[in-house]
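Below is one structure; the comments refer to it alone.
Numbering (our numbering), first residue to last: 251 to 455.
Here you go:
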């Protein structure tokens with residue numbers, strides 16, 4: 251007797267995530283996924299019409315769980331600086347447990363081959379930027395953050411530097427502690443947020 255549809259789909263998605271971490275995106279075919287799951291290729295197509303449909307499910311699976319991990323902290327009553335620090339650590343902890351994330355985000359498949367996949371990531375980035383914008387605005391309203399840049403501009407900085415850290419981690423084959431980088435990132439953000447003018451802080455290299 252076959253597995254229930256939802257259980258099989260979950261198995262296909264999580265197996266694809268494992269493969270992305272091990273091999274990157276471009277080498278993964280539906281046959282490779284089927285071999286990992288231990289089913290015939292036809293079984294993959296029973297649940298997903300195309301390979302891109304599998305990756306769409308992968309992106310939604312990853313983004314859904316990432317937001318579930320950090321959203322309570324965005325909405326917390328804690329001070330903005332404490333929330334920021336906790337969110338940075340939670341996001342990097344999530345990424346360290348899902349090594350496929352940067353390899354999917356920075357793959358050619360996403361950047362040039364599939365507008366649908368790119369659109370999903372754009373939505374995730376917009377949602378994350380919006381959440382950071384509100385957090386930073388909260389800190390500004392409380393007099394904690396004193397930088398002259400807008401909350402949205404600083405939020406873009408936060409999102410882009412975290413993505414850059416993930417790219418470096420992936421390129422170097424995960425050979426440094428991603429969460430240990432989080433404290434340095436947080437200190438960098440606080441330097442920017444506490445600056446009275448842009449000349450008081452230097453871009454992180």
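C-beta atoms are modelled at their ideal positions from N, C-alpha and C, and glycine is treated no differently.
Check, Outcome
"Please work out which residues of its chain come closer than 6 Å, Cβ to Cβ, to residue 368, disregarding the five sequence neighbours upstream and downstream, and give them in chain order.", "360"
"For my contact list, residue 333 and residue 385 are in at a C-beta cut-off of 8 Å; report their separation, rounded to the angstrom.", "6 Å"
"Unbroken alpha helix (DSSP H) runs of length 4 or more, entirely within the stretch 357–438: which are they?", "365–391, 401–421"
"So the alpha helix (DSSP H) residue 354 belongs to, where does it begin and stop?", "350–355"
"Beta-carbon separation of residue 395 and residue 443 under 9 Å?", "yes"
"Output needed for residue 419: all residues of its chain with C-beta closer than 6 Å, excluding positions within five of it in sequence on either side, in chain order.", "428"
"Alpha carbons only, please: which of 323, 399, 371 is nearest the one belonging to residue 336?", "323"
"Which residues mark the beginning and the end of the alpha helix (DSSP H) in which residue 318 is found?", "301–324"
"Let's see if you can read the secondary structure: which residues bound the alpha helix (DSSP H) around residue 331?", "330–346"
"For the stretch 344–363 against the stretch 304–311, do three or more pairs of beta-carbon atoms, one drawn from each stretch, fall closer than 8 Å, so that the two count as touching?", "yes"
"In this structure, how does DSSP classify residue 287 when only helix, strand and coil are distinguished?", "helix"
"Roughly how many angstroms separate the alpha carbons of residue 431 and residue 376, rounded to a whole number?", "24 Å"
"Residue 270 to residue 347, Cα distance in whole Å?", "13 Å"
"Please list the terminal residues of the continuous alpha helix (DSSP H) segment that includes residue 279.", "From DSSP, residue 279 is part of no alpha helix (DSSP H); its letter is neither H nor E."
"Of the choices 393, 371, 350, 291, whose alpha-carbon is the least far from that of residue 264?", "350"
"Could you check if residue 290 is buried or exposed, using at least 16 other CB atoms within 10 Å of its CB as the buried criterion?", "exposed"
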